[in-house]
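Working notes, beginning with the structure itself.
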Amino acid sequence: MFLRQTIAIALLAAIALSAGLANTAQAREVASIDEFMTALEELRGKLEDGDPRELSDREWREFNKLHGRFEDLLEGVDSVEQLSEDDEIALINTQEELDTLLLGGENDERIICRKVRKTGSRISRRRCITQRELEIQQEQTRNSLLDIRSAMQGPQHGGG
């Protein structure tokens, strides 16, 4: 569990630094990309030993997929600051997926980040919400569209 927390803290601190959100007190435990990947390999070794818990075959496939995604995102990069905004968001989302996998948690609480911009604006910003909040928003949008469609069709009269 300590190793997973170390990875999460190191990655989040590096992301916070790249976003200009961390001051020197907050930045005391920043890991380099190499340290992060080494910690990820150590995590793999611990998981192979069943620590913090045994993973199912499906979970191993998911872990390997996430590990590969980390490698792809961080290949040739010395610091998170060098990542594009899209890659940084992908990195955050991958970390959230790894956390959910390791904790055996529900996907409802997984945080999903994406780049959004207001209509008519070229300035984008990062927006992070939980999977559950996203599903609620999608359901509300579907319901609104159905309401609009029903209103446009007018009242339905039974014929007979």
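Going by mature numbering (1 follows the signal peptide of the UniProt record, and there is no 0), the letters in the sequence shown line up with residues -27 to -1, 1 to 133, in that order. In this text, a Cβ means the ideal position worked out from N, Cα and C, and glycines have one as well.
Val53 counts as buried, since at least 16 other C-beta atoms from the protein chains shown sit within 10 angstroms of its C-beta. Within the model, the alpha-carbon separation for Glu8 versus Glu14 is close to 10 Å. Taking C-beta atoms as the reference points, Asp60 and Lys88 fail to come closer than 8 Å. The beta carbon of Ser97 is closer than 6 Å to those of Lys88 and Arg90 in its chain, skipping five residues each way along the sequence. In the structure shown, Ser97 falls within a strand segment according to DSSP collapsed to helix, strand and coil. Taking all protein chains shown into account, Gln68 has 16 or more neighbouring C-beta atoms within 10 Å of its C-beta and is therefore buried. Rounded to the nearest whole angstrom, the C-alpha separation of Gly41 and Val50 is 15 Å.
Out of Glu70, Ala12 and Ile6, the CA that lies nearest to the CA of Arg34 is found in Glu70. Leu76 sits exposed, since fewer than 16 C-beta atoms from the chains shown fall within 10 Å of its C-beta. With respect to the 8 Å criterion, Leu74 and Leu119 are not classified as neighbours on the basis of their beta carbons. It is roughly 18 Å from the alpha-carbon of Cys101 to the alpha-carbon of Thr114.
Contact check for Cys86 against Ile121 fails: the beta carbons are separated by 8 Å or more.
A Cβ-Cβ distance of about 6 Å is found for the pair Phe36 and Leu28, placing them in contact under the 8 Å criterion.
Taken atom to atom, the span from the alpha-carbon of Leu56 to that of Arg95 is near 20 Å. By the neighbour-count criterion, in which a residue is buried when 16 or more other Cβ atoms sit within 10 angstroms of its Cβ, Ile6 is buried.
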